[in-house]
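Inspection log for the structure reproduced underneath, given as structure tokens.
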């Protein structure tokens, strides 16, 4: 009888322990799921706020200045660029997506990012994933030949760059901007340990810039840029992943195509008023080749036509732009 009671006691005790463990597991699981959901909502809102914060930079209010964004927690910003899409706007301009994921001590360190915020008019040049608590951001207006858009550059504050023997205009700009994570050196042996070394006219560095070939080699891959007044494409090639860079170039060219079509229409409308530019054919050609850009190597053709349009526009009494 004692054995039977002992067995019943042991069974009841084990059953109670199992039930308690299940309840505790469900409580922890429920709490974790709730936290995950709250994190997703918070990360989604953070992505929206980041897009809003970038607006002053994009509109030129803070253009040419280094701005710093500090997050309360270690954060990952995901930069996704789509050169086309399903809607009319996406087909015309492509789309910029920004999403955010914050590090947490509950559950996994990193969960999937929040719902992306989408923009037609933002052009962010960066790595596809930017990680850090502090980010450095600056913007530059892109002209070819008329103003097309503002390019945004984002790098983690802790990611150091060392520019070795850059052209004087780039060196002067860096000195003026005073970015905390970009330094200039006459030789890579003077660069900080762990810095990303960007060499101009020299190979074998983390990033090799060939100004004559207008190419940038990084991660074993070569991408191309063209000269412009603000070195917009050169900076984009240095700070971006190849996929991001080429996608943003296509998006910028699509925007250039739409603007060229507007300038063509403007030129036609000015004709009867005795103020014709005679640039209708060139604008139509420019709209066509920019819209159909397939690879960055084709930027040379666009640049040649752009320079011709700029030269002729500057000579006009009634300037188109």
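Numbering (the working numbering), first residue to last: 8 to 328.
We treat Cβ as the ideally placed atom computed from N, Cα and C, and that holds for glycine.
Hey, quick one: how far does the alpha helix (DSSP H) through residue i stretch, first residue to last?
i	result
residue 146	Taken as a continuous stretch (DSSP letters only), residue 146 belongs to no alpha helix (DSSP H), being part of the beta strand (DSSP E) at 136-150.
residue 7	There is simply no residue 7 to check, as the chain begins at 8 and stops at 328 in what is shown.
residue 254	249-277
residue 183	175-184
Does the distance from the CB of residue i to the CB of residue j come in under 8 Å?
i	j	result
residue 268	residue 287	no
residue 145	residue 72	yes
residue 147	residue 77	no
residue 312	residue 260	no
residue 88	residue 251	yes
residue 100	residue 135	no
residue 164	residue 143	yes
residue 169	residue 190	yes
residue 284	residue 323	yes
residue 181	residue 159	no
residue 129	residue 61	yes
residue 133	residue 161	yes
Measuring only the C-alpha atoms, how far is residue i from residue j?
i	j	result
residue 36	residue 237	For residue 36, the predicted model reports a pLDDT of 46, less than 50, meaning its position is unreliable and no value from the coordinates is stated.
residue 167	residue 244	16 Å
residue 295	residue 109	43 Å
residue 213	residue 179	22 Å
residue 230	residue 121	31 Å
residue 228	residue 279	51 Å
residue 106	residue 118	12 Å
residue 53	residue 187	24 Å
residue 246	residue 281	47 Å
residue 150	residue 266	12 Å
residue 219	residue 50	43 Å
residue 111	residue 138	14 Å
residue 309	residue 152	10 Å
residue 326	residue 235	20 Å
residue 199	residue 171	12 Å
residue 175	residue 94	44 Å
residue 126	residue 103	5 Å
residue 56	residue 221	36 Å
residue 328	residue 307	22 Å
residue 314	residue 321	11 Å
residue 302	residue 249	11 Å
residue 217	residue 83	31 Å
residue 211	residue 203	12 Å
residue 298	residue 79	41 Å
residue 98	residue 197	47 Å
residue 4	residue 75	Nothing in the structure corresponds to residue 4, since the chain is present only between 8 and 328.
residue 177	residue 209	16 Å
Leaving out the 5 sequence neighbours to the left and right, which residues in its chain are closer than 6 Å to residue i when beta-carbon positions are compared?
i	result
residue 241	232
residue 224	215
residue 173	207
Hey, quick one: how far does the beta strand (DSSP E) through residue i stretch, first residue to last?
i	result
residue 168	168-171
residue 197	Looking at the DSSP string, residue 197 is not in any beta strand (DSSP E), and its letter there is neither H nor E.
residue 162	154-163
residue 217	214-217
residue 298	Segment 287-298 is the alpha helix (DSSP H) holding residue 298; no beta strand (DSSP E) there.
Enumerate in chain order the residues of its own chain whose CB-to-CB distance from residue i is below 7 Å, with the five nearest sequence positions on each side excluded.
i	result
residue 185	73
residue 90	101, 254, 257 and 258
residue 155	149, 259, 262, 263 and 266
residue 271	287, 290, 291 and 294
residue 239	147, 149 and 158
State the DSSP-derived secondary structure class of residue i, mapped to helix, strand or coil.
i	result
residue 232	coil
residue 315	helix
residue 63	helix
residue 81	strand
residue 3	Residue 3 is absent from the model: the chain starts at 8 and stops at 328.
residue 122	coil
residue 310	helix
residue 246	helix
residue 225	strand
residue 190	strand
residue 115	coil
residue 240	helix
residue 324	coil
residue 302	coil
residue 87	strand
Using a Cβ-Cβ cutoff of less than 8 Å, which residues in the same chain neighbour residue i once the five nearest sequence positions on both sides are dropped?
i	result
residue 319	284, 285, 286 and 289
residue 81	109, 110, 138, 139 and 140
residue 58	105, 124, 126 and 129
residue 201	167
Less than 7 Å between the CB of residue i and some heavy atom of the ligand PLP, yes or no?
i	result
residue 176	Inclusion of the ligand PLP in the displayed structure is not the case, the ligand content being empty and no account of it being possible.
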